[in-house]
Amino acid sequence: MSTIYVKTISAFDAANEHVITFDYSGNQCIKNRIIVYNSATNASVYDNTVTSYTLSHTIPSSTLTNGTSYYCTITAYYTSNNTEYSVVSSASNVWKCLTTAMWSINGISSGTVIGNSYYDFKMNYSQTQDEVVNEYYVVLYNQSGSTYWSSGTLYDISATTTATGLPNNTVLYARAYGTTVNGLSLDTGKIEVTVDYQVPNLYSVAYLENDKWHGWVKATVNILDVEGIGSGTYSFVSDKYVDLSSANSSVTFNKNFTLSGNFIVEALGYNVSANKSVITLGGDNLTAVATFRSGTFSSGTLFFAELKELNSGYVLYSNMIAIPPSTNQIHLWIKRKNGMYDCTIANMGVVS
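First residue of the sequence shown? That's 20 in this note's numbering, and the numbers climb one at a time after it.
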């Protein structure tokens, strides 16, 4: 017995031709017929038969109308003992024809130079029928095509997501993709960008003045010593890291260091554990704690950071990444601007 059903049809732009596919089992399909109906009136708007062995049917461009919803049936024809038979599918899902959306990353085009170790990604979006975005992702790829950074799933089209820890003198490829509530595809494709930032000129950090009458040089250094005070059991590793794996161990930086107004705080670490606070920020009317977390989601077990502002009860979650190996360096980036926070983490690879 022959069977047939139409595969799920997502929204598409009626200005372009579109291929409808179907599954069929039975004797060799020799031709197929599609009938497209207006879902509001049930009137037939397109009826066509093609002789083909392929299990698909192409709707020509400008056959349907954007802003209108449709469904279809497909009939497959086959022969048995030199007699032609047919089998008709049930009605497909209802889909909507929609004008292709304007979809781009603000400030990003081919050849864009990113002049910082971070970039605030924000989307430009408009669509003729005012279609709502369902979800989207922003991704940076390296030259080998591997994912360097991903925003995770985003929903608010007006939101900004920040990629941090971008390597200097590097070519990356930015891409934003997603779908609307009716399944219209959104994709910028991969856009080549270059990360190129300069270390700040340190000319003003130190000023030398020759005192010829006394035979010496007076040096004025505009550097403040930010000294950390340790507690509990801790040790230094390669003069780059401090080992705080022991219970109740910490390092506090409060000399010549304060947080107020807008700020950015960055931290690097490795062999980090979930459900343990990693940094506490304090300052003018500020007490915020960042804690690494892990959880199981539909895409697997993922690692992320939770930022909790204790005075207001404000809680923010970072992007999600795969569980990092203990040898990989994790970059934590916390930003406050005009009272609003942003928190991002990135796996920077094996500790060098």
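Cβ atoms here follow ideal geometry from the backbone N, Cα and C, with glycine treated the same way.
Fair warning: this is a prediction, and the values are worked out from it, not measured in the lab.
Touching by the beta-carbon criterion (3+ pairs, under 8 angstroms), the region 91-108 and the region 173-186:
no
Distance, Cα to Cα, L185 vs Y89?
46 angstroms
Within 10 angstroms of its Cβ, does E103 collect 16 or more other Cβ (buried), or is it exposed?
exposed
Could you check where the beta strand (DSSP E) with A365 kicks off and where it finishes?
M359 to V369
So what does Y216 bridge to, in DSSP terms?
Y216 is not bridged to any residue.
With DSSP as the reference, please indicate the residues paired to L205 in a beta bridge.
G197
Taking the beta carbon of F316 as the centre, do at least 16 other beta carbons fall within 10 Å, making it buried, or is it exposed?
exposed
Have a look at G280, Y72, S264 and T84 and flag the residue whose alpha-carbon is nearest the alpha-carbon of V55.
T84
Can you list the beta strand (DSSP E) stretches of 3 or more residues lying completely in the region 136-188, in chain order?
138-140, 142-145, 152-160, 166-169 and 180-182
So who's on the other strand from Y192, going by DSSP bridges?
Y160 and E211
Cut-off 8 angstroms between Cβ atoms - residues of its own chain near G368, not counting five sequence neighbours on either side:
N347 and Q348
So, using beta-carbon positions, are M121 and S136 closer together than 8 angstroms?
no
Starting from A286, trace the beta strand (DSSP E) both ways and give me its first and last residue.
F282 to Y289
Own chain partners of S80 with C-beta closer than 8 angstroms, once the 5 adjacent residues on each side are dropped:
A33, A34, N35 and E36
When you compare only the Cα positions, how much space is there between Y167 and S296?
25 angstroms
Quick test of your reading: N46 and S75, contact by CB under 8 angstroms. State the CB separation rounded to the nearest angstrom.
The pair is not a contact, with the Cβ atoms about 18 angstroms apart (cut-off 8 angstroms).
Alpha carbon to alpha carbon, what distance is there between S44 and N51?
13 angstroms
Supposed contact pair I340 and N366 - C-beta distance, whole angstroms, cut 8 angstroms
5 angstroms
C-alpha distance - T207 paired with V214, whole-angstrom precision:
19 angstroms
Is it the case that the Cβ atoms of V152 and T199 are separated by a distance below 8 angstroms?
yes
Could you give the uninterrupted runs of the beta strand (DSSP E) lying entirely in the region 21-70, keeping only those of 3 residues or more?
22-25, 37-44, 48-57 and 63-70
Bridge partners for T131 per DSSP, in chain order?
V212
Opening and closing residue of the beta strand (DSSP E) in which N112 lies:
Unbroken run through N112: none, as it is neither H nor E.
By Cβ distance, which residues of its chain are closer than 7 angstroms to T172, with the 5 residues on each side in sequence left out?
E154 and Y156
Only counting the same chain, and skipping five residues up and downstream in sequence, which positions put a Cβ closer than 6 angstroms to that of K209?
Y192 and R194
Between which residues of its own chain and A59 is the CB-CB distance below 8 angstroms, once the five residues before and five after are set aside?
T87 and S88
Measure the C-alpha to C-alpha separation of K327 and S279 and round it to an integer number of angstroms.
17 angstroms
Check whether the Cβ of S250 sits closer than 7 angstroms to any heavy atom of the ligand ATP, and report yes or no.
As presented, the structure is devoid of all ligands, the ligand ATP included, so that no description of it is given.
If you drop the 5 nearest sequence neighbours on each side, which residues of the same chain put their C-beta closer than 7 angstroms to that of G202?
S29 and A30
Run the CB neighbour count on C362, radius 10 Å, all protein chains shown included, and call it buried at 16 or more, exposed below.
buried
Should L351 go down as buried or exposed, given a rule of 16 or more other Cβ atoms within 10 Å for buried?
buried
Kindly indicate which three-state DSSP category Y222 falls into: helix, strand or coil?
In this prediction, Y222 scores a pLDDT of 45, lower than 50, which makes its location untrustworthy; the coordinate-derived value is nonetheless stated afterwards. Reduced to three states, the DSSP call for Y222 is coil.
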